[in-house]
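Enquirer: Following this message is one structure expressed as structure tokens.
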């Protein structure tokens with residue numbers, strides 16, 4: 001299966017190895033080459049009937065914070081793909097199901113100015129407590145719970161890393177989650193779907209920016 005997905009330009013990631021693994025490093029390189037990087041930031045297949053997204057994995061924040069140039073972040077909201085190959089489908093299980101209602105909703109690229117406070121704090125290598133990080137960054141909305149920021153399992157840190165940097169990544173991931181949720185709100189309103197009436201998958205895209213032309217490539 002690994003060889004199959006690699007042919008589809010999928011970067012192999014390993015659960016439990018954190019955000020400092022080769023796949024993330026490769027994605028950073030591709031962003032530096034002004035390439036697209038497509039992410040499913042929840043890091044899981046959402047099979048519930050709820051539109052509430054999981055906490056975003058912090059690797060997506062690392063890509064924004066450590067990319068050679070700030071990437072263009074384009075939120076995408078997907079619906080209906082879970083109906084093509086539903087988890088509890090009957091035989092023949094290998095064949096996709098026809099007739100699924102699929103939607104792909106593109107949000108506006110997130111304004112670089114909204115990302116800049118996180119990048120500035122991260123690149124300054126600020127020496128502050130984790131508690132102070134929240135006060136130094138833009139406030140998050142009430143739709144972000146404490147569990148979205150600080151889950152029970154602590155972040156994996158490198159020797160040169162620190163809990164402060166992990167907190168900045170956590171807050172940025174929560175911010176990106178809120179931005180994608182807004183696209184989801186618009187999509188469910190547009191298609192007449194209530195907040196718990198559809199099964200959803202969620203995705204965000206990062207595009208390396210060619211700063212010579214200022215055009216996403």
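Residue numbers (UniProt numbering): 1 to 217. No residue lacks a Cβ here, since even glycine has one placed at the ideal position from N, Cα and C. This structure is a prediction, so every number in the text was calculated from the model and none was measured.
Since residue 105 sits in a beta bridge, which residues does DSSP pair it with?
Expert: Residue 105 pairs with 77.
Enquirer: If you draw a straight line from the alpha carbon of residue 70 to that of residue 137, how long is it in whole angstroms?
Expert: So the alpha carbons of these two residues sit roughly 18 Å apart.
Enquirer: Among residues of its own chain, excluding the 5 on either side of residue 140, which ones have a beta-carbon nearer than 6 Å to its beta-carbon?
Expert: Same-chain partners within the cutoff: 174.
Enquirer: Between residue 189 and residue 59, what straight-line distance do the alpha-carbon atoms span, to the nearest angstrom?
Expert: Their Cα atoms are separated by approximately 30 Å.
Enquirer: Taking the straight line between their C-alpha atoms, what separation do you get for residue 113 and residue 147?
Expert: Between residue 113 and residue 147, the C-alpha separation is close to 26 Å.
Enquirer: Quick one, which of 3, 61 and 67 has its alpha-carbon nearest residue 220's?
Expert: Nothing about residue 220 can be reported from this structure: the residues present for the chain run from 1 to 217 only.
Enquirer: What do you reckon, are the CB atoms on residue 77 and residue 107 nearer than 9 Å?
Expert: Taking 9 Å as the Cβ cut-off, residue 77 and residue 107 qualify as a contacting pair.
Enquirer: Let me make sure I understand the geometry here. Which of 97, 165, 182 and 177 has the alpha-carbon closest to that of residue 82?
Expert: Residue 82 has its Cα closest to that of 97, out of 97, 165, 182 and 177.
Enquirer: Check each candidate in 64, 88, 54 and 181 and name the one with the smallest Cα separation from residue 105.
Expert: The residue with the shortest Cα to Cα distance from residue 105 is 181.
Enquirer: How many angstroms separate the CA atom of residue 52 from the CA atom of residue 143?
Expert: Each residue's alpha carbon lies about 9 Å from the other.
Enquirer: To test your reading of the DSSP string, which unbroken alpha helix (DSSP H) runs of 4 or more residues are found completely within the region 115-186?
Expert: Runs of the alpha helix (DSSP H) inside the region 115-186: 130-136 and 146-149.
Enquirer: Kindly indicate which three-state DSSP category residue 65 falls into: helix, strand or coil?
Expert: In this structure, residue 65 counts as helix in the three-state DSSP scheme.
Enquirer: With contact counted as at least three CB pairs below 8 Å, one residue from each stretch, are the region 163-172 and the region 122-135 in contact?
Expert: Taking 8 Å as the limit for Cβ pairs, the verdict is that the region 122-135 does touch the region 163-172.
Enquirer: Classify residue 14: buried if its beta carbon has 16 or more other beta carbons within 10 angstroms, exposed otherwise.
Expert: Exposed, because fewer than 16 other Cβ atoms sit within 10 Å of the Cβ of residue 14.
Enquirer: Could you work out which residue in 115, 12, 86 and 72 is closest to residue 36 when comparing CA atoms only?
Expert: If we check each option's Cα against that of residue 36, 72 comes out closest.
Enquirer: Would residue 31 and residue 115 qualify as a contact pair, given that the criterion is a beta-carbon distance under 9 Å?
Expert: Contact flag unset, no.
Enquirer: According to the neighbour-count rule (16 or more other Cβ atoms, all chains shown, within 10 Å of its Cβ), is residue 102 buried or exposed?
Expert: With fewer than 16 other Cβ atoms within 10 Å, it is exposed.
Enquirer: Can you tell me whether residue 3 is buried or exposed, with buried defined as 16 or more other CB within 10 angstroms of its CB?
Expert: Exposed, because fewer than 16 other Cβ atoms sit within 10 Å of the Cβ of residue 3.
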